[in-house]
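Asks: Protein sequence lines, in the order shown, are assigned to chains A and B.
With positions in the first sequence counted from 1, the corresponding number in the numbering used here is that position plus 113.
With positions in the second sequence counted from 1, the corresponding number in the numbering used here is that position plus 100.
Don't be surprised by glycine CBs; every beta carbon is placed ideally from N, CA and C.
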Amino acid sequence: MNIETKLGLDVFKIDTEPHIIINQEICGACEEKFCLYVCPGKLYSINRETGDMEVECSGCLECGTCMIACVHGALDWNYARGGFGVQFRFG
Amino acid sequence: MSAADEEKVEVVIVGAGLAGLSTAYVLAQAGVDTVIVERGDYPGAKNVTGGRIYMHPLRHYLPGLWEDAPLERHVTRETLTMMAEDSSTSVTLDSARFREKPYHSYTILRSKFDRWFGDKVMEAGGFVLPKYRADDLIMEDGKVAGIIMGEEDEIRADVVVAADGVLSLMAEKAGLRQAQQPKHFAVSAKEVIELPPEAIEERFNLGAGEGAAQLFFGALTEGMLGGGFLYTNIDSISLGLVVGIESVMEREPKIEVHELIEDFKARPEIRNLIADGETVEYSAHVIPEGGVNAMPRLASDGILVVGEAAGFGLNMLLTVRGMEFAVASGVMAAETIKRAREKGDYSAASLSHYEDLVRESFVLKDLHTFRNVLSTLENPRLFNYYPQAVCDIFETLMWIDENPKPKISSTVIREGISKFLNWSTMKDVVGMLRI
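#1: At which residues does the alpha helix (DSSP H) containing Ile387 (chain B) begin and terminate?
#2: Rounded to whole angstroms, what is the Cα-Cα separation between Glu145 (chain A) and Cys152 (chain A)?
#3: Could you tell me which residues DSSP pairs with Leu188 (chain A) in its beta bridges?
#4: Between which residues of its own chain and Pro143 (chain B) is the CB-CB distance below 6 Å, once the five residues before and five after are set aside?
#5: Let me know the beta strand (DSSP E) ranges lying completely inside the segment 322-363 of chain B, each 3 residues or longer, listed in chain order.
#6: Give a yes or no on whether the minimum CB-CB distance between Ala289 (chain B) and chain A is below 7 Å.
#7: Quick check on the DSSP output: what are the complete alpha helix (DSSP H) runs of length 4 or more inside the segment 121-166 of chain B, in order along the chain?
#8: Going by C-alpha distance, which of B:Ile334, B:Glu291, B:Arg481 is nearest Lys527 (chain B)?
#9: When you compare the segment 108-125 of chain B with the segment 184-204 of chain A, are there three or more beta-carbon pairs, one atom per stretch, that lie closer than 8 Å?
#10: From Ser509 (chain B) to Gln278 (chain B), what does the alpha carbon distance come to, in whole angstroms?
#11: For chain B, is any of its Cβ atoms less than 7 Å away from the one on Ile159 (chain A)?
#12: Could you pull the start and end residues of the alpha helix (DSSP H) that Cys180 (chain A) belongs to?
#13: Between which two residues does the beta strand (DSSP E) harbouring Met183 (chain B) extend?
#14: Report yes if the CB atom of Phe483 (chain B) is closer than 7 Å to the CB atom of Gly265 (chain B), and no otherwise.
#15: Can you tell me the Cβ-Cβ gap for Pro202 (chain B) and Arg159 (chain B), rounded? I've got them flagged as a contact below 8 Å.
#16: Using beta-carbon positions only, say whether Ala286 (chain B) and Val342 (chain B) come within less than 7 Å of one another.
#17: Are the C-beta of Gly195 (chain A) and some C-beta of chain B separated by less than 7 Å?
#18: Cα-Cα, which of B:Pro368, B:Val386, B:Ser450, B:Gly225 is closest to Ala130 (chain B)?
#19: Tell me, to the nearest whole angstrom, how far the beta carbon of Ile345 (chain B) is from that of Thr178 (chain A); I am working on the premise that it is less than 8 Å.
#20: In angstroms, rounded to a whole number, what distance separates the CA positions of Lys47 (chain B) and Ala193 (chain A)?
#21: Which residues in the same chain have their Cβ closer than 8 Å to the Cβ of Met155 (chain B), if we skip the five residues on either side of it in sequence?
#22: Could you say if the segment 284-304 of chain B and the segment 439-447 of chain B meet the contact criterion of at least three C-beta pairs nearer than 8 Å?
#23: What did DSSP end up calling Pro368 (chain B) once you bin it into helix, strand or coil?
#24: Determine which residues of the segment 143-164 of chain B have a Cβ less than 9 Å from any Cβ of chain A, and write them out in chain order.
#25: Could you list which residues in chain A have their beta carbon closer than 9 Å to that of Gln280 (chain B), in chain order?
#26: Considering just the uninterrupted stretch of the beta strand (DSSP E) at Ser288 (chain B), what are its terminal residues?
#27: Three-state secondary structure (DSSP) at Phe317 (chain B)?
#28: How long is the line joining the alpha carbons of Phe125 (chain A) and Lys212 (chain B), rounded to whole angstroms?
#29: Identify every residue that forms a DSSP beta bridge with Gly311 (chain B).
#30: So, for Arg303 (chain B): in the same chain, excluding its five sequence neighbours on each side, which residues have a beta-carbon less than 7 Å away from its beta-carbon?
#31: Identify the continuous alpha helix (DSSP H) that holds Glu455 (chain B) and give its terminal residues.
#32: Is Phe227 (chain B) helix, strand or coil by DSSP?
#33: Using 7 Å as the limit for Cβ to Cβ distance, is Met101 (chain B) near chain A?
#34: Exposed or buried, Ser518 (chain B), counting other C-beta atoms within 10 Å across all chains shown (16 or more means buried)?
#35: Contact defined as beta carbons within less than 8 Å: I believe Asp335 (chain B) pairs with Leu306 (chain B). What is the distance between those atoms, to the nearest angstrom?
#36: Along the chain, where does the beta strand (DSSP E) that runs through Ile147 (chain A) open and close?
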């Protein structure tokens with residue numbers, strides 16, 4: 114089962130605003146791109162056209178791994194707003 | 101609550117997880133005016149466990165709560181599995197003690213449990229406010245005086261309890277903790293896989309209501325620090341793994357965390373156990389692994405930090421714990437607040453009583469005893485060399501072909517010497533003495 118299908122099993126209340134903001138300048142200078150590997154939801158990707166780093170907040174499990182792994186400080190990270198985001202039914 | 105609403109209560113707790121709910125439960129029962137805010141739609145909506153909870157500490161700190169608690173199966177069989185590339189060796193304990201009441205541990209699902217616990221808090225008179233994310237603290241003369249949610253909503257309180265989980269943004273706002281270092285945290289990914297109870301009992305050789313708990317280490321984390329877990333719930337299996345964040349960052353070549361769990365599920369030891377099961381949830385959680393070496397300050401003027409927010413999580417190798425620490429620390433925080441309330445003193449000095457209680461309890465004592473686990477686990481031989489060596493020796497013993505077999509003792513001594521009589525192993529053994 115691929116990761117997109119697995120995330121599709123969960124309940125997400127999707128907000129209009131993203132809760133993780135990426136500083137493209139800091140991100141662009143980063144060589145390691147740890148976020149691409151550590152995210153358990155595979156939510157980070159590099160836009161093939163613009164070269165920008167993107168994160169799919171609508172599938173975010175709100176674990177905070179990316180915030181911890183991004184040692185260069187490119188992420189303005191927060192949990193989803195109250196009433197939004199993933200709602201675990203099992204946990 | 102409407103916009104620009106201001107409210108004053110005695111205690112506001114941020115986070116309706118186990119630590120927050122435990123604090124609220126004790127305070128509510130004592131008649132203290134308590135509000136607990138939770139960013140999820142309901143308590144448990146944002147929480148995950150492996151998981152399994154140990155009952156003896158809980159019965160001690162919150163007696164009487166557990167009779168009708170919605171727990172899963174009581175664990176009667178414990179298994180540790182070392183995984184090599186193409187083989188694995190397991191040790192399984194089955195004991196009559198696990199079948200005696202009151203039961204030692206239960207598997208648990210947080211969404212179900214936390215929601216029930218939240219109802220108990222409400223019954224006791226506490227006020228649970230879901231769908232509110234705390235965004236900042238109200239500071240007055242250097243003291244914490246409440247919380248701010250969103251743009252305008254405020255709750256003023258005599259004391260704030262930061263029960264907001266492993267990332268504790270509240271503890272950070274209060275200046276109580278440093279920025280998180282990757283080596284002090286692990287990321288865990290988990291699947292809940294539904295299976296009929298009869299199938300679970302048949303596959304795991306369990307009686308009705310009985311449960312199995314299994315921990316794995318070795319090849320499944322591809323050389324990275326971590327391990328796997330499997331717990332049987334009433335009608336589902338919790339299956340997942342944990343891997344150190346710094347380990348993922350340092351590994352060459354890089355591996356994506358989410359791929360590890362698919363490889364784990366495909367192992368012959370696992371795939372038949374979950375065959376025809378339906379995955380119903382995929383979740384993730386960060387686990388604090390730094391122990392006493394990464395603890396924030398626990399109290400300041402007008403604020404206490406409990407549960408995972410205080411770094412109370414422990415990898416003890418044979419098991420990983422956090423929930424009992426959360427409950428115990430929540431109860432100790434509540435006792436501290438009751439005492440502070442009698443004196444009308446919510447200063448750092450008064451609230452530091454919480455630190456004394458925690459230090460004297462199993463919480464800090466266990467964290468201190470096992471403080472060297474993380475540095476010991478940083479030895480990659482634990483995850484590749486030793487599981488392979490043990491499996492190879494066992495396989496050599498169990499293999500019968502057309503050649504004559506040597507004595508068992510000869511095999512064990514010869515293989516033991518060739519695999520374990522070297523300086524690296526000596527050093528590793530000495531290292532193990534620290535845990």
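Replies: The structure says:
#1: For this step, residue 387 (chain B) is matched to residue 287 along the second sequence. Not the alpha helix (DSSP H): Ile387 (chain B) falls in the beta strand (DSSP E), residues 378-388.
#2: What you label residue 145 (chain A) is simply residue 32 of the first sequence in a count that begins at 1. What you label residue 152 (chain A) is simply residue 39 of the first sequence in a count that begins at 1. Computed Cα separation, rounded: 14 Å.
#3: Position 75 of the first sequence, counting from 1, holds the residue named residue 188 (chain A). DSSP lists A:Ile135 as partners of Leu188 (chain A).
#4: As a first step, residue 143 (chain B) must be located in the second sequence, where it is residue number 43. Result list for Pro143 (chain B): Ala116, Asp214, Arg215, Gly218, in chain order.
#5: Counting only runs of at least 3 residues, the segment 322-363 of chain B fully encloses the following beta strand (DSSP E) elements, listed from N- to C-terminal order: 326-332, 336-344.
#6: Taking the first residue of the second sequence as 1, we reach residue 289 (chain B) at position 189. Ala289 (chain B) counts as touching chain A.
#7: Within the segment 121-166 of chain B, the complete alpha helix (DSSP H) segments at least 4 residues long are 155-161, listed from N- to C-terminus.
#8: Counting from one through the second sequence, the residue named residue 527 (chain B) turns up at place 427. Per the Cα distances, B:Arg481.
#9: No, they do not touch.
#10: Along the second sequence, one-based indexing puts residue 509 (chain B) at 409. Along the second sequence, one-based indexing puts residue 278 (chain B) at 178. Spanning the two alpha carbons is a distance of roughly 54 Å.
#11: Position 46 of the first sequence, counted from the start, is the residue given in the question as residue 159 (chain A). Interface flag for Ile159 (chain A) against chain B is unset, since no Cβ pair is found closer than 7 Å.
#12: To locate residue 180 (chain A), count along the first sequence from 1; it is residue 67. Reading off the sequence shown, one finds Met at residue 180 (chain A), where the question assumed Cys. Per DSSP, Met180 (chain A) is one residue of the alpha helix (DSSP H) stretching across 178-182.
#13: By one-based count along the second sequence, residue 183 (chain B) stands at place 83. Here the beta strand (DSSP E) through Met183 (chain B) covers 174-183.
#14: What you label residue 483 (chain B) is simply residue 383 of the second sequence in a count that begins at 1. What you label residue 265 (chain B) is simply residue 165 of the second sequence in a count that begins at 1. No. Outside cutoff.
#15: Counting from 1 along the second sequence, the entry for residue 202 (chain B) is found at position 102. Counting from 1 along the second sequence, the entry for residue 159 (chain B) is found at position 59. Right, their Cβ atoms sit about 7 Å apart.
#16: Indexing the second sequence from 1 puts residue 286 (chain B) at position 186. Indexing the second sequence from 1 puts residue 342 (chain B) at position 242. The answer is yes: Cβ separation under 7 Å.
#17: Position 82 of the first sequence, counting from 1, holds the residue named residue 195 (chain A). It does; some Cβ of chain B falls within 7 Å.
#18: Taking the second sequence and counting its residues from 1, one reaches residue 130 (chain B) at position 30. Of the candidates B:Pro368, B:Val386, B:Ser450, B:Gly225, the one whose C-alpha sits nearest the C-alpha of Ala130 (chain B) is B:Gly225.
#19: Here residue 345 (chain B) is taken as the residue at index 245 of the second sequence, counted from 1. Here residue 178 (chain A) is taken as the residue at index 65 of the first sequence, counted from 1. About 6 Å separates the Cβ atoms of Ile345 (chain B) and Thr178 (chain A), confirming a contact at the 8 Å cut-off.
#20: No information on residue 47 (chain B) is available, as it lies outside the stretch 101 to 535 that chain B covers here.
#21: Translated into the one-based positions of the second sequence, residue 155 (chain B) becomes position 55. So the qualifying residues of the chain are Trp166, Pro202, Tyr203, His204, Ser205, Tyr206.
#22: With the cut-off at 8 Å, the segment 284-304 of chain B and the segment 439-447 of chain B do not touch.
#23: One-based indexing of the second sequence puts residue 368 (chain B) at position 268. Looking at Pro368 (chain B) - three-state DSSP - the assignment turns out to be helix.
#24: Answer in chain order: Gly144, Ala145, Lys146, Asn147, Val148, Thr149, Gly151.
#25: On the second sequence, position 180 is the one that residue 280 (chain B) refers to. Taking a Cβ-Cβ cut-off of 9 Å, the neighbours of Gln280 (chain B) in chain A comprise Gly177, Met180, Ile181, given in sequence order.
#26: Position 188 of the second sequence, counting from 1, holds the residue named residue 288 (chain B). For Ser288 (chain B), the uninterrupted beta strand (DSSP E) run begins and ends at 285-294, by DSSP.
#27: The residue you call residue 317 (chain B) lines up with position 217 of the second sequence. Three-state result, Phe317 (chain B): strand.
#28: Here residue 125 (chain A) corresponds to residue number 12 of the first sequence, with the count starting at 1. Here residue 212 (chain B) corresponds to residue number 112 of the second sequence, with the count starting at 1. The straight-line gap separating the alpha-carbon atoms of Phe125 (chain A) and Lys212 (chain B) is approximately 18 Å.
#29: Along the second sequence, one-based indexing puts residue 311 (chain B) at 211. Under DSSP, Gly311 (chain B) forms a beta bridge with B:Val175.
#30: Counted from its first residue, the second sequence places residue 303 (chain B) at position 203. If the five residues before and after Arg303 (chain B) are omitted, its C-beta is found closer than 7 Å to the C-beta atoms of Leu373, all from its own chain and listed in chain order.
#31: Counting from 1 along the second sequence, the entry for residue 455 (chain B) is found at position 355. Run containing Glu455 (chain B): 453-460, per the alpha helix (DSSP H) assignment.
#32: The count along the second sequence starts at 1 and reaches residue 227 (chain B) at position 127. Here Phe227 (chain B) carries a strand assignment [DSSP, helix/strand/coil].
#33: Your numbering for residue 101 (chain B) matches position 1 in the second sequence. In this prediction, Met101 (chain B) scores a pLDDT of 48, lower than 50, which makes its location untrustworthy; the coordinate-derived value is nonetheless stated afterwards. Contact with chain A is absent for Met101 (chain B), since none of that chain's Cβ atoms lies less than 7 Å from the residue's Cβ.
#34: One-based indexing of the second sequence puts residue 518 (chain B) at position 418. The residue is exposed, with fewer than 16 neighbouring Cβ atoms inside 10 Å.
#35: Position 235 of the second sequence, counted from the first residue, corresponds to residue 335 (chain B). Position 206 of the second sequence, counted from the first residue, corresponds to residue 306 (chain B). Their Cβ separation, rounded to whole angstroms, is 13 Å, which puts Asp335 (chain B) and Leu306 (chain B) out of contact at 8 Å.
#36: The residue labelled residue 147 (chain A) in the question sits at position 34 within the first sequence. In the sequence as displayed, the identity of residue 147 (chain A) is Phe instead of Ile. Premise fails: Phe147 (chain A) is in no beta strand (DSSP E) and is neither H nor E.
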